[in-house]
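One structure is given here, and the rest of the page talks about it.
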Amino acid sequence: MCGRYALGVRMAYIRNRMQQQGLQVDQAPDDDDVRESFNFAPGNNGAVYCAQLPSPAPSDNVPDHEPEQQQQQQQQQQEEESSPKTEQNPEKDAPIYKIQSMKWGLVPFWTKRKPDYGSLMRTINCRDDSLSEDRGMWTSMKRTKRCVVVCQGFYEWLKKGPGGREKVPYFVKRKDGDLMYFAGLWDKVTYEGSNETLYSYTVITTSSNSELRFLHDRMPVILDPNSEAMKTWLDPHRRTWSKELQDILKPYDGELEYYPVSKEVGKVGNNSPDFIVPVSSKENKSNIANFFANAKKPDLDSGSAVKSEGEAKKGADVAPVTPVKREHPSESEESPKKPKVEETSAMPSEKKAGGTPGRKTRSATSAQHAKPTDGSQRITNFFGK
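With this note's numbering applied, the sequence shown corresponds to residues 155 to 539, in that order.
Okay, structure coming up:
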């Protein structure tokens, strides 16, 4: 089963990377039309790569319960496949390869009303063995609506402990770290009373290979980019299910990398690039160290800046203030030497007779600071009397 994968890159990057891999991309949606998430869950709009003919095929959206129409379309398909291709209009049959935004969780074209979440979850995956026979809900889709789902890798949970209560998430990706492609099916539907067409898709699963069997007994069908298997799977001219198409649905034999990741990925609403990074990797530890280092650097820089500013202000204030500070100590040194004032204790009485206003204003302004000295003078004058 594949119930969660990662798609944390923008649509522009996906298109450029696919073209670099030799894949033809004629059309692609805008960045906002595809959900960009490292925790991509069902119900979101993903990037789906498919090939379509310029004109819609007559066999599209024909219900499986109408045998007469099925026979007619099969005869028409056989005639088209058996008839030689003319070179008069080679561009007429040239398929259009496009990336399209579709909702994960396939809704068949005959659906009349929007399905609930439980029904949607039952169609996020399609077993490969369910396609081996020409019956079931996938019949029309496997003939004409094959696609490739683009992602970076998928998650699978390892059950541990008694009863498998503890679930450890693992991230599975290509060894080279490139984009990963799942084989899938798509369909479109228009609900009753609505004019909007909904495009949706499912991911085809197969038996797990020997590497991933310890995680789960199922895994997505993975196709290499621009491989013969991918070309055959996407070929819109192949309108009948064949053994060649069925044989493509097999466990992946390429190199994969898998490791445990953060358990926070278990919550659908969470999203972080750390979800695809190993829990015990050096990158994870260095990221944490860098985080605290970067958080500490601004404080050190700001502290040094404040200190330098303080020193500058201090240096700027010392020059004009120093003469004032030097005068105050001289006054403070003279103030305790009151015996000299006692020798001239008769001076205040003589000055009282003179009645100089300047002395009175000075004593009034300095009364709060010089209360001890005034008191000592009064006591001296008292004993002098």
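Glycine is no exception: its CB is placed at the ideal position from the N, C-alpha and C atoms. This structure is a prediction, so every number in the text was calculated from the model and none was measured.
Three or more Cβ pairs closer than 8 angstroms define a contact, and the segment 411-419 meets that threshold against the segment 314-323.
Where W387 is concerned, the enclosing alpha helix (DSSP H) starts and stops at E382 to L388.
Between L260 and T356, the C-beta spacing is below 8 angstroms. The residue among W258, D401 and G197 with its C-alpha nearest the C-alpha of L339 is W258.
In the displayed model, Y412 falls within a strand according to three-state DSSP.
In the DSSP assignment, I402 falls within the alpha helix (DSSP H) that extends over K397 to I402.
When secondary structure is reduced to three states using DSSP, Y309 falls in the strand class. Considering only L388, R276, G315 and Q178, the residue with the shortest C-alpha distance to L377 is L388.
Of all C-beta pairs linking the segment 360-373 to the segment 163-183, fewer than three are shorter than 8 angstroms, placing the two stretches out of contact.
Assignment of beta-bridge partners to M373 by DSSP yields T360.
Excluding sequence positions up to five before and after F336, its CB lies within less than 6 angstroms of the CB of V303, V357 and P374, all in the same chain and listed in chain order.
Here R169 is not bridged, per DSSP, to any residue. The beta carbon of T344 sits closer than 6 angstroms to the beta carbons of T351 from its chain, once the five residues preceding and following it are set aside; these are given in chain order.
Across the set T298, R328 and G176, the C-alpha of R328 shows the shortest separation from the C-alpha of D407. Rounded to whole angstroms, K299 and S435 show a C-alpha spacing of 41 angstroms. In this structure, the CA atom of M291 is about 31 angstroms from the CA atom of G423. Boundaries of the beta strand (DSSP E) around Y159: Y159 to L161. Just measuring C-alpha positions, the residue of S294, T394, V326 and T277 sitting nearest E411 is V326. In the three-state DSSP reduction, F429 falls in the helix class (H, G or I). Around the CB of Q254, 16 or more other CB atoms lie within 10 Å, so the residue is classed as buried.
Residue range N199 to Q206 is occupied by the beta strand (DSSP E) that includes Y203. A distance below 8 angstroms separates the beta carbons of F194 and A160.
In the structure shown, the three-state DSSP call for Q178 is coil.
Closest in C-alpha terms to K252, from the list R276, P208 and F263, comes P208. One thing to note: G200 has its Cβ within 8 angstroms of the Cβ of V188. In the DSSP annotation of this structure, the continuous segment of the alpha helix (DSSP H) that includes R297 starts and ends at T293 to T298. Linking C301 to T386 through their CA atoms gives a straight-line distance of about 11 angstroms.
According to DSSP, S354 shares a beta bridge with K257 and D341.
Sequence-distant Cβ neighbours of R164 in its own chain, meaning closer than 7 angstroms and more than five residues away, are D185 and E190.
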